[in-house]
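Trainee:
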Amino acid sequence: MMQRPFTLALVGNPNSGKSSLFNLLTGLRQKVANFPGVTVDVKVGRLSLGGRPVRVVDLPGAYSLYPNADDERVVLNVLANPHDANYPDGVVYVADLTNLEKHLLLLTQLRDLGLPVVLALNMADIAEREGLEIDEEKLARRLGVPVVRISARDGFQVDRLRALLERMVQAPEAFRADKPFYRLSPKEEAVVRRMAREVTPDEEQAPYRLLLWAHHWHELPFLSEAQRRAAAAIVEEEGFQPLRHQIDETMARYDAFLPLIREVVRRPSGEATSFTDRLDAVLTHRVAGPIIFFAIMFVVFQAIYAWAELPMGWIETFFAELSATLKQHLPQGWVSDLLTDGVVAGLGGILVFIPQIAILFLLISILEEVGYMARVVYLFDRVLQVFGLNGRSIVALISGGACAIPAIMSTRTISNWKERLITILVTPFISCSARIPVYAVLVGFVVPADLYWGPFNAQGVAFMGLYLLGISAALLAALVFKYVLKGRGSSFLLLELPVYRPPHWRNVALTVYEKVRTFVLEAGRIILVISIVLWFLANYGPPGAMAEAQQQALTEAAANQLSETETENLVAAKKIQASWAGHLGKAIEPAIAPLGFDWKIGIALITSFAAREVFVGTMATIYSIGSTDDELTIRQYMARDLRPDGTPVFSVATAVSLLLFYVLAMQCMSTMAVVRRETGSWKWPLIQFVFMTGLAYTASFIAWHLLR
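In the numbering used here, the protein residues as written are 4 to 711.
#1: Here's a check: name, in chain order, each residue in its chain whose Cβ is nearer than 7 Å to the Cβ of Arg415, leaving out the five neighbours to either side.
#2: Can you tell me where the beta strand (DSSP E) holding Gly48 begins and where it ends?
#3: State buried or exposed for Met669, treating a residue as buried only when at least 16 other CB atoms are found within 10 Å of its CB.
#4: Run the CB neighbour count on Ser326, radius 10 Å, all protein chains shown included, and call it buried at 16 or more, exposed below.
#5: I need the straight-line Cα distance from Val574 to Gln388, nearest angstrom please.
#6: With 16 other CB atoms within 10 Å as the buried threshold, where does Gln331 fall?
#7: Work out the CA separation of Gly588 and Lys577 for me, nearest whole Å.
#8: Please classify Arg7: does DSSP put it in a helix, a strand, or coil?
#9: Less than 9 Å separating the beta-carbons of Leu263 and Leu146?
#10: Which value, in whole angstroms, describes the spacing of the CA atoms of Leu226 and Leu13?
#11: With a Cβ-Cβ cutoff of 9 Å, do Leu11 and Val151 count as a contact?
#12: Using a Cβ-Cβ cut-off of 6 Å (strictly less than) and excluding sequence neighbours within five positions of Ile397, which residues of its own chain qualify?
#13: Enumerated in chain order, which unbroken segments of the alpha helix (DSSP H) with a length of 4 residues or greater are wholly contained in the segment 110 to 145?
#14: What's the C-alpha gap between Ile606 and Met695?
#15: Within this structure, are the beta carbons of Tyr211 and Asp115 separated by less than 9 Å?
#16: How should Gln462 be labelled, buried or exposed, when 16 other C-beta atoms within 10 angstroms of its C-beta is the threshold for buried?
#17: Taking the C-alpha atoms as reference points, what is the distance between Ala88 and Gln580?
#18: Which same chain residues end up closer than 6 Å to Arg269 when comparing Cβ atoms and leaving out the 5 residues on each side of it in sequence?
#19: May I have the straight-line CA-CA distance separating Val464 from Tyr470, to the nearest angstrom?
#20: Enumerate in chain order the residues of its own chain whose CB-to-CB distance from Ala98 is below 8 Å, with the five nearest sequence positions on each side excluded.
#21: Return yes when the Cβ of Val444 is within less than 9 Å of the Cβ of Met641, no when it is not.
#22: Nearest by alpha-carbon distance to Gln249: which of Ala217, Val449, Thr558 and Val523 is it?
#23: Within 8 Å, do at least three Cβ pairs link the segment 701 to 710 to the segment 656 to 663?
#24: For His86, I'd like the list of residues in its chain whose CB is within less than 8 Å of its CB, leaving aside the five on either flank, ordered along the chain.
#25: Any idea if Phe466 is buried or exposed, counting beta-carbon neighbours within 10 angstroms, 16 or more meaning buried?
#26: Where do the ends of the alpha helix (DSSP H) carrying Asp74 lie?
#27: Using alpha carbons as the reference points, say which of Ile427, Ala706, Pro647 and Ser475 lies closest to Met412.
#28: Between which residues of its own chain and Leu635 is the CB-CB distance below 7 Å, once the five residues before and five after are set aside?
#29: Out of Ile425, Arg680 and Val655, which one is the CA nearest neighbour of Leu710?
#30: Considering only DSSP beta bridges, list what Gly15 is partnered with.
#31: In the DSSP assignment, what are the bridge partners of Pro56?
#32: Quick check on Val536: does DSSP put it in helix, strand or coil?
#33: Please report how far the alpha carbon of Tyr503 lies from the alpha carbon of Ile690, in whole angstroms.
#34: Let's test the definition: count the other Cβ atoms within 10 Å of the Cβ of Ser582 and tell me whether it reaches 16, buried, or not, exposed.
#35: Write down the C-beta distance between Leu79 and Pro70 rounded to the nearest angstrom, noting that I regard them as a contact closer than 8 Å.
#36: I'd like the span of the beta strand (DSSP E) that includes Arg415, first residue to last.
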């Protein structure tokens, strides 16, 4: 008979290194970053301890069992319900050894729930470097739980932790505290007694768990309606004031463990301020802080454009040569055309931007790892409050530079409903990595590649300007929603600023790899499907239309005495206009012509709603079909395209108009689906779509008519 897996939960405050330990124990890959809110969902992995299968659950970071955000509510809902699928048989509580006084509140609450607990004091490597010493035995004796120092970064003493966990799996009772840490007040005891009799009369519950039910009866999803009514009646009849008792309990716990920490932790004397304090005096300064932040962001975006130029050229050359080689060696026919003009052209148009995406994720991951992002949250809280947002909103806004989907999910750390909703609605304005390919192609039509402003590449500066435009649009939209939406007042920011640490390069590399891999696989699948569909739409049309277009082109070529190459190009251009793709583009052309867009751009706009990065793959597919010169890159194909009057399609006016449209429009079905899931209604994604796309159309219309 197969033995039931032992469920082991990893619990701790944000920034404790809990997720790093999860990766180390289970070998699973997961994003790890040094700011709150990274782990929002419950993560599950597996390992074996003492021959028994163990199910490891990585719960979101939380400060206590009195939640202020959705991620903390996940922890409460799991630990307050013994019947939850993720309820643990044992707990590893991960605490930052260098900030122990901030990390023990939740541990004492876990003890009082009667859970078997091991205290893992993480960051032992940093503590040793700082000269910090701790009396583990005394701490374990006074807390009533086993204690082990570890470093999840380099694996220090993780084997010792594993040995403790093997003992826990075999005999969990030995890891339960023999007496409660917090003594209930007479009022709390009276409430707990009645809860045991009237709310859960048929099963035994830990007294502290029943106290939590009295505090949170109105928001615990697992309580039945009858249990809610009974709990509400008890709270009212006993005159129980949850907020007052929560404050009293929290202060009592701190009064008990703070003196203990002062006894067992010895810090080096003679150092007036720590390195972190000295650095924060500059980086969180009201004036210097924002200037440094924008300087860092400027370097990031300059690097995205400048550093990636050489590898992008290699990739473009590779796909051009691959296409030419395939055409040379494959027999002529629809299979060869589909492979070279559909699949290779579409994928080449997207994979060329891997260097830029990798650089973006590399630099942002380093900033997360060293602890700088937490400072950014603190730094901009007061400013963002003016726009109806929260300091934690900056995490979503910055994460939106990578992808709006995880950025919107990270808003679960915002406790105020109105501030969270506004953050969700405006985050897609932030230019995500899917826009990078579009910007990279179109900026070249606006700013020459060889133009420099001082030491800076002008295209890199323009690139930064597009991001600033998206940020400005997000803030202005937030200000509008602040006065339009009704809701409760502003929230208060509760945030721990972690000490500055050198980046864990394995985590950085893992993050870059996973993000680029996800981008390539997810975008690649979309591109592949759309490229095949586009190839079909561009090669086939209404019955007789393609043959008629070919004959018309040959007649024109003969009349104008065109060369063989010019004739082939004219035939290809006429045929794509007569194809289903041409008919689709021409059908929407009247609506987009006022923006300076033609029917080819119209096709790309439609396919971009699957994902913005599809724009480049679509244009690559269309222009590969419309020309026989395979040595030209997508940028050169687009640059030589002419309107009927002989003017270039991609003039400065068109490029600016199209850039504005892609900066401001909602063009991501996946993002809309996530917004619907996070808000629980299609109302908000539809409002978001209409608002953003309407703004994009208006801005593009104005830009086209001013610049043409």
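For each residue, glycine too, the CB sits at the ideal point set by N, CA and C. It should be emphasised that the depicted structure is a prediction, and the values quoted were computed from it without experimental measurement.
Mentor: From the atom records:
#1: If you number the sequence shown from 1, residue 415 lands on position 412. If we look at Arg415 and ignore the five residues flanking it on each side, its Cβ neighbours are Val43, Ala72, Asp73 and Asp74.
#2: Position 45 of the sequence shown holds residue 48. Start and end: Lys46 to Leu52.
#3: Numbered from its first residue, the sequence shown carries residue 669 at position 666. Buried, since its Cβ has 16 or more Cβ neighbours within 10 Å.
#4: Here residue 326 is taken as the residue at index 323 of the sequence shown, counted from 1. Label assigned to Ser326: buried.
#5: Locating residue 574 in the sequence shown gives position 571, where the first residue counts as 1. Locating residue 388 in the sequence shown gives position 385, where the first residue counts as 1. Straight-line Cα distance between these residues: approximately 59 Å.
#6: The residue you call residue 331 lines up with position 328 of the sequence shown. The residue in question, Gln331, is exposed, as its Cβ has fewer than 16 Cβ neighbours within 10 Å.
#7: Position 574 of the sequence shown, counted from the start, is the residue given in the question as residue 577. Position 585 of the sequence shown, counted from the start, is the residue given in the question as residue 588. Their backbone Cα atoms lie some 14 Å apart in a straight line.
#8: Taking the first residue of the sequence shown as position 1, residue 7 is located at position 4. Secondary structure of Arg7 (DSSP, three-state): coil.
#9: By one-based count along the sequence shown, residue 263 stands at place 260. By one-based count along the sequence shown, residue 146 stands at place 143. Annotated as proximal: Leu263 and Leu146, with beta-carbon spacing under 9 Å.
#10: Working through the sequence shown from its first residue, we reach residue 226 at position 223. Working through the sequence shown from its first residue, we reach residue 13 at position 10. About 25 Å.
#11: As a working note, residue 11 is residue 8 in the sequence shown. As a working note, residue 151 is residue 148 in the sequence shown. A distance of 9 Å or more separates the beta carbons of Leu11 and Val151.
#12: By one-based count along the sequence shown, residue 397 stands at place 394. Answer for Ile397: Val379, Val380 and Phe383, listed in chain order.
#13: 127 to 132
#14: Residue numbering aside, residue 606 sits at position 603 when the sequence shown is read from its first letter. Residue numbering aside, residue 695 sits at position 692 when the sequence shown is read from its first letter. C-alpha separation (whole angstroms): 20 Å.
#15: By one-based count along the sequence shown, residue 211 stands at place 208. By one-based count along the sequence shown, residue 115 stands at place 112. Cβ distance < 9 Å, so Tyr211 and Asp115 count as in contact.
#16: Translated into positions along the sequence shown, residue 462 becomes position 459. By the 10 Å Cβ count, Gln462 comes out buried.
#17: Taking the first residue of the sequence shown as position 1, residue 88 is located at position 85. Taking the first residue of the sequence shown as position 1, residue 580 is located at position 577. The straight-line gap from Cα to Cα measures roughly 58 Å.
#18: Residue numbering aside, residue 269 sits at position 266 when the sequence shown is read from its first letter. Excluding sequence neighbours, Arg269 sits near Glu136.
#19: Translated into positions along the sequence shown, residue 464 becomes position 461. Translated into positions along the sequence shown, residue 470 becomes position 467. One C-alpha to the other measures close to 10 Å.
#20: Sequence index remark: in the sequence shown, residue 98 carries index 95 (1-based). Answer for Ala98: Gly15, Asn16, Ser19, His106, Leu107, Leu110, Leu122, Ala123, Leu124 and Asn125, listed in chain order.
#21: Indexing the sequence shown from 1 puts residue 641 at position 638. Indexing the sequence shown from 1 puts residue 444 at position 441. The Cβ atoms of Met641 and Val444 sit closer than 9 Å to each other.
#22: Taking the sequence shown and counting its residues from 1, the one referred to as residue 249 is at position 246. The candidate whose alpha carbon is nearest that of Gln249 is Ala217.
#23: Three or more pairs of CB atoms, one per stretch, sit closer than 8 Å, so the segment 656 to 663 contacts the segment 701 to 710.
#24: In the sequence shown, the residue the question calls residue 86 occupies position 83. Counting only Cβ-Cβ distances below 8 Å, and skipping sequence neighbours, we find Phe225.
#25: Start at 1 with the first residue of the sequence shown, and residue 466 comes out as number 463. Burial call: buried.
#26: Sequence index remark: in the sequence shown, residue 74 carries index 71 (1-based). Element bounds for Asp74: Asp73 to Leu82.
#27: Here residue 412 refers to the residue found at position 409 when the sequence shown is read from its first residue. Comparing Cα positions, the closest option is Ile427.
#28: For the purposes of this step, residue 635 is identified with residue 632 of the sequence shown, where counting begins at 1. Legend: pLDDT at Leu635 = 46, less than 50; position of this residue unreliable, no value from coordinates given.
#29: As a working mapping, residue 710 is identified with position 707 in the sequence shown. The shortest Cα separation from Leu710 among Ile425, Arg680 and Val655 belongs to Val655.
#30: Counted from its first residue, the sequence shown places residue 15 at position 12. In the DSSP output, where bridge partners are listed per residue, Gly15 has Val97.
#31: Here residue 56 refers to the residue found at position 53 of the sequence shown. In the DSSP output, where bridge partners are listed per residue, Pro56 has Ser51.
#32: Position 533 of the sequence shown holds residue 536. For Val536, the secondary structure class from DSSP, reduced to helix, strand or coil, is helix.
#33: For the purposes of this step, residue 503 is taken as the residue at position 500 of the sequence shown. For the purposes of this step, residue 690 is taken as the residue at position 687 of the sequence shown. Linking Tyr503 to Ile690 through their CA atoms gives a straight-line distance of about 41 Å.
#34: Along the sequence shown, one-based indexing puts residue 582 at 579. By the 10 Å Cβ count, Ser582 comes out buried.
#35: Counting from one through the sequence shown, the residue named residue 79 turns up at place 76. Counting from one through the sequence shown, the residue named residue 70 turns up at place 67. Right, their Cβ atoms sit about 5 Å apart.
#36: As a first step, residue 415 must be located in the sequence shown, where it is residue number 412. It is not in any beta strand (DSSP E) - Arg415 carries neither H nor E in the DSSP assignment.
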